[in-house]
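Student: Protein chains in written order, with my numbering: chain L, 1 to 736; chain S, 1001 to 1133. Glycine residues also receive a C-beta, built at the ideal position from the N, C-alpha and C atoms.
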Amino acid sequence: MIRALPPILFGALFTVSTAWAMGAILLRGFAGLFYKWEARLIGFVAGSACLSAVVFALCMFKLARPGVFLAVGLASIGYALYSRSDRVHTKSFPPLAPLWRWLFAAVFAAFSLYYLLNAMAPEQSPDGVTYHLGVVAQYYRARGFPLITNDFYANLTQGIELLFLFAFEYGKHSAAAMVHFAFWIALPLMILSYGRRVGHPLAGVAAALFTALAPVVGMDGSIAYVDVALAAFAFALFYVLQIWDETRDPRLLILIGLLAGFAYEVKYTGGVAAVYAVGFIAWKQWRAKKPVLRPALIVTACAFACMLPWMVKDTIEVGNPVSPFASRWFPSPYVHTSQIEDWSRFLRKYDLTSYRELPLELTVKGTKLSGYFGPLFLLAPLALLALRSRIGRQVLLAAAVFGATYFTNVGTRFLIPAIPFLALGLALVFERWKWLLLFVVAGHVVASTPFAFNRYAVGGWAVWTVSPRAALRLKSQDAYLAETSPGYSVARMLDRLVPAGQKVFAFGPPAMAYTSRDVLVGWFAGPNEVLLDILWNAMNNDQAPTRIVKFHFPERLIRRMRVVETAQTPRQLWSVSELRVFAEGKEIPRAPEWRLSAHPNPWDVQLAFDNSPVTRWRTWQDAEPGMYVHIDFGRLQAVDSVEVDMSNDSDRSTLAVEELTNEAGWNRINAPAVQSERLIRASLRRAATQEFKARGVRYLLIEDGAWGAKDFRLYSDAWGIRCVGQWKDSRLYYIE
Amino acid sequence: MLLQMDQPDLAPHIVKDIHERYDAPWRWTDREPTLNVLALVIDNLKLSVDFAIYEPGFAQTGPLNLEFVVNGNTLDKVRYDSPGMKHFEKPVPPEWISAVVESSIAIKVDKLYVAPADGAKFGIILASAGFVQ
């Protein structure tokens, strides 16, 4: 079993070394600007951006292969060593005071070991195995970018995930997590270096430990997430901006643009980095009465060059450069606006009843927001005292910038990019009283140990314990994850029981990174949500097509007509199960020459004309006046009534029928809407699963706790499904 | 769908007042045994209930009045003047039931038998309940 370890270590070290080498080569041209340690750390961070760009290019051409990666890595490392790229930076910091040097070394080494073991252990973090590595695993199998339209997480920027892919080729999941761990190592060392550069070494030591040891930072940095990497990029950008401010060396502008742009590649919220960088440079140049436009344009262009490939990729794949967001501006069938708005609403609040809960949740509880920074950060308001110094103002400005996006997602880890700056602000305040600073550091060290946080933050998201046996693979990954990760066992069950190439529809995600099957998670994409809707329509009274709205009017010849929403219905979608048109009491058969369209969501309009009671066209955004379903009969057609089959979950919709006339354009037909209820006379369940079959989906994965799971379990005959596998409370059904 | 009181997956159908099963294909009830069951169609359905009135219990309670309720609507009230096996069956108006979600079936028992040995209270002995065509 321990033989599984070398590939993991190789994958991680080779990736980090390649990134470092690329950074060293990049920073060769900056001789004299950086201290040795700065060059190594900022070089690693910048080199990571370069490596990610190379992997992006390779993925485009389906060249993400171990041999190609090996060649890239060896060439980079070889050239960096041969050219002695690292040697051009000769300046060293003055030594740290022994007490602080040993304090930092001992504490950082101990916590590094603890979190390293967590990083090496088989990966099982929720988002890591669901999408950070779930997507990576798909790239790995496809040797590049496959077209993924059934998982909007695949549309997020994935700068760090491409580094994960580089490591994953050799060491799979744990190697990827260890790459993120390298950023956990680099970040505090950068903070320390910055403190030393600006003459506040003790503040540097303290802030480095404040940041790295914070339980949520240790947790996040030792799994396959990207938040600590984003924090490293944010800090590296801040750092280089400060050096530029000192030197005004124009060579740094490209590096600044690269770091700012890559922050967006790490995570959309990192987009503020580019604004910060351009704003900082423009402001400083303007204050110094120097040209603003040229340096600002250089930074903008470099940042945009990093951001653009992801925008192009998303545009090509799903028609939205910033998918899954801005779906009102870039509508597509792949992401529903309501889906993202509901999700965003949740992310802005999680389970908080009030934002007044934030201080304790973020510092000592962490159960509602997934993680906490430790009690030290209850003192965060004191950091404002740092505003008295120039450096203090700079770090607090950066904290504000990188914390600005926090309220788009109040999960604790979304504050991580701001934490190094906040930590520096706090450390600068305490630095004037060395013993007090030492006391605060000691308190934070103690509070950050599992012995302590397992007492004050029971249940909060942190590395409560590590398993050295699992980390060293003395215990097999399979055995370890079977005990600790239900999602893993479910994923393995899928590989065992579902034939290759078959699709599985799931209410919730299994550990996607551990299955090679195509899993369509209900809320991960528009088409998946349509499938979910089909199932729920069959077993939810509010969604079944029982509400009939009929319009009767004197017979008229119509070529084009539409049913229009006239009401604004916040938090309610408008749905049409069937739209039927009648003449002389008989339904006019749908004909091939009919042309159907709808606004919004034109892609699903056919669902209102398919005679299936379980499918429906939906607006997938709050209903608004002017939304419509439109029929072009292709010729003049006598019509005297229109029937719209709807459901009670659209009960606030008010409709009208319009015809297109040559004279007046769209003309509303004067016909009152007559509403009635229609009984569903037979179960729709089998009709729903037949829709799945028609769409090539033969398997359902349902957890017992999911809404409606009991119905599938108890009435499997009615659904026409058979349970073919089960792991604990997750059942796999086959659609007969 | 007809629910047999000895079927292995009965528990999720039970809403209340139905005892655990012992070594018999039936179960004791309390005052208002209630079950949820799905009707796959709604037309021409009859509520069907097989149950028994316990003879020693009947000796104590006398005649029992049972009220058969579907989704809150009283389908029938029946007086049973004798102990022993009973069968109730009656058409259910389609508008009372749904083929989309489960329907609730309740049997309200007016008097409970109190066991002399331990004071435990019992309603009827239920063997099956559900919808048949």
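Just to check my reading of the structure: Arg-348/L and Thr-408/L have Cβ atoms closer than 8 Å, yes? What is that Cβ distance to the nearest angstrom?
Tutor: About 7 Å; that satisfies the 8 Å criterion.
Student: How many whole angstroms separate the CB atoms of Ser-653/L and Ile-548/L, which I take to be in contact at a CB cut-off of 8 Å?
Tutor: No, Ser-653/L and Ile-548/L are not in contact; Cβ-Cβ is about 13 Å, not under 8 Å.
Student: Considering only the beta carbon of each residue, do Thr-1034/S and Ile-1125/S sit closer than 8 Å?
Tutor: No, Cβ-Cβ distance for Thr-1034/S and Ile-1125/S is not below 8 Å.
Student: Which partner residues does Glu-587/L have in the DSSP bridge list?
Tutor: BP columns for Glu-587/L point to Phe-582/L.
Student: Closest by CA to Thr-689/L, which one among Ser-730/L, Leu-579/L, Ala-706/L, Trp-536/L?
Tutor: Thr-689/L has its Cα closest to that of Trp-536/L, out of Ser-730/L, Leu-579/L, Ala-706/L, Trp-536/L.
Student: How far does the alpha helix (DSSP H) with Gln-477/L in it extend, from its first residue to its last?
Tutor: Segment 477-484, the alpha helix (DSSP H) holding Gln-477/L.
Student: Within its chain, find whatever has a CB closer than 6 Å to the CB of Ala-119/L; leave out the 5 residues flanking it on each side and keep chain order.
Tutor: Cβ within range, chain order: Ala-177, Met-178, Phe-181, Ser-222.
Student: Specify the secondary structure class of Tyr-334/L as computed by DSSP and reduced to three states.
Tutor: In this structure, Tyr-334/L counts as coil in the three-state DSSP scheme.
Student: What separation, rounded to the nearest whole angstrom, lies between the Cα atoms of Arg-517/L and Leu-165/L?
Tutor: One C-alpha to the other measures close to 18 Å.
Student: Label Gln-1007/S either buried or exposed according to how many other C-beta atoms from any shown protein chain fall within 10 Å of its C-beta, with 16 as the threshold for buried.
Tutor: It counts as exposed.
Student: Give the DSSP-derived three-state secondary structure of Arg-731/L in the structure shown.
Tutor: Strand at Arg-731/L.
Student: Should Leu-714/L be flagged as near chain S, meaning a C-beta pair shorter than 8 Å?
Tutor: Yes, Leu-714/L lies at the interface with chain S (some Cβ there is under 8 Å from its Cβ).
Student: The beta strand (DSSP E) spanning Ala-656/L covers which residue range?
Tutor: First-last of the beta strand (DSSP E) with Ala-656/L: 655-661.
Student: Taking Tyr-406/L as the reference, give the member of Asp-227/L, Val-129/L, Val-642/L with the closest Cα.
Tutor: Measuring from the Cα of Tyr-406/L, the nearest candidate turns out to be Asp-227/L.
Student: Reducing DSSP to helix, strand and coil, say where Leu-369/L ends up.
Tutor: Three-state DSSP puts Leu-369/L in coil, outside helix and strand.
Student: Listed in chain order, which residues of the region 1024-1047 of chain S have Cβ atoms closer than 7 Å to some Cβ of chain L?
Tutor: From the region 1024-1047 of chain S, only Leu-1038, Leu-1040, Val-1041, Ile-1042, Asp-1043 have a Cβ closer than 7 Å to chain L.
Student: Identify every residue that forms a DSSP beta bridge with Pro-1091/S.
Tutor: BP columns for Pro-1091/S point to Lys-1046/S.
Student: Hey, how far is the Cα of Arg-287/L from the Cα of Gln-242/L?
Tutor: In a straight line, the C-alpha of Arg-287/L is about 15 Å away from that of Gln-242/L.
Student: Consult DSSP for Phe-1068/S and reduce its assignment to one of helix, strand or coil.
Tutor: Note: Phe-1068/S maps to strand in three-state DSSP.
Student: According to DSSP, Met-561/L sits in a beta bridge with which residue or residues?
Tutor: Paired residues: Ile-631/L, Glu-659/L.
Student: State the Cα-Cα distance for the pair Glu-624/L and Arg-455/L, rounded to the nearest angstrom.
Tutor: Taking the straight line joining both Cα atoms gives about 51 Å.
Student: Considering only their Cβ atoms, is the gap separating Trp-461/L from Ser-370/L smaller than 8 Å?
Tutor: Contact flag set, yes.
Student: Taking Cβ to Cβ, would you say Thr-1029/S is nearer than 8 Å to Val-1114/S?
Tutor: Contact flag unset, no.
Student: How many Å lie between Gly-526/L and His-336/L at the Cα?
Tutor: Taking the straight line joining both Cα atoms gives about 5 Å.
Student: Any chance you could list the beta strand (DSSP E) runs of at least 3 consecutive residues sitting entirely within the region 486-514 of chain L, in chain order?
Tutor: DSSP runs (the beta strand (DSSP E)) wholly in the region 486-514 of chain L: 503-506.
Student: Ala-236/L to Ala-49/L, Cα distance in whole Å?
Tutor: Using only the alpha carbons, I get a separation of about 12 Å.
Student: Residues of the region 1090-1123 of chain S in Cβ contact with chain L at a cutoff of 7 Å, in chain order, please.
Tutor: So the list reads Pro-1094, Glu-1095, Ser-1098, Ala-1099, Val-1100, Val-1101, given in the order they occur along the chain.
Student: Hey, quick one: how far does the alpha helix (DSSP H) through Asp-220/L stretch, first residue to last?
Tutor: Segment 215-221, the alpha helix (DSSP H) holding Asp-220/L.
Student: Hey, out of Pro-122/L, Ala-212/L, Val-45/L, whose CA is closest to Ile-416/L's CA?
Tutor: Of the candidates Pro-122/L, Ala-212/L, Val-45/L, the one whose C-alpha sits nearest the C-alpha of Ile-416/L is Ala-212/L.
Student: Name the residue from Met-512/L, Pro-510/L, Ala-506/L, Tyr-514/L whose alpha carbon lies nearest to the alpha carbon of Asn-737/L.
Tutor: Missing from the structure shown is residue 737/L; chain L here goes from 1 to 736 and no further.
Student: Kindly indicate the opening and closing residues of the beta strand (DSSP E) around Thr-1074/S.
Tutor: Element bounds for Thr-1074/S: 1073-1080.
Student: Given this structure, state the Cα-to-Cα distance separating Pro-309/L from Trp-523/L, to the nearest angstrom.
Tutor: Cα-Cα distance, rounded: 26 Å.
Student: Under 8 Å, CB to CB, which of the residues in the region 1011-1022 of chain S have a partner in chain L?
Tutor: Against chain L - using a Cβ distance shorter than 8 Å - the residues of the region 1011-1022 of chain S are Pro-1012, His-1013.
Student: At a cut of 8 Å, does the region 123-131 of chain L reach the region 478-496 of chain L through at least three beta carbon pairs?
Tutor: As far as the Cβ criterion goes, the region 123-131 of chain L touches the region 478-496 of chain L, which means the pair count is three or higher.
Student: Have a look at Val-205/L and Asn-540/L and give me their C-alpha separation to the nearest angstrom.
Tutor: Near 59 Å, if we compare the C-alpha coordinates of Asn-540/L and Val-205/L.
Student: List, in order along the chain, the chain L residues whose C-beta lies closer than 8 Å to that of Asp-1009/S?
Tutor: Arg-713, Leu-714, listed in chain order.
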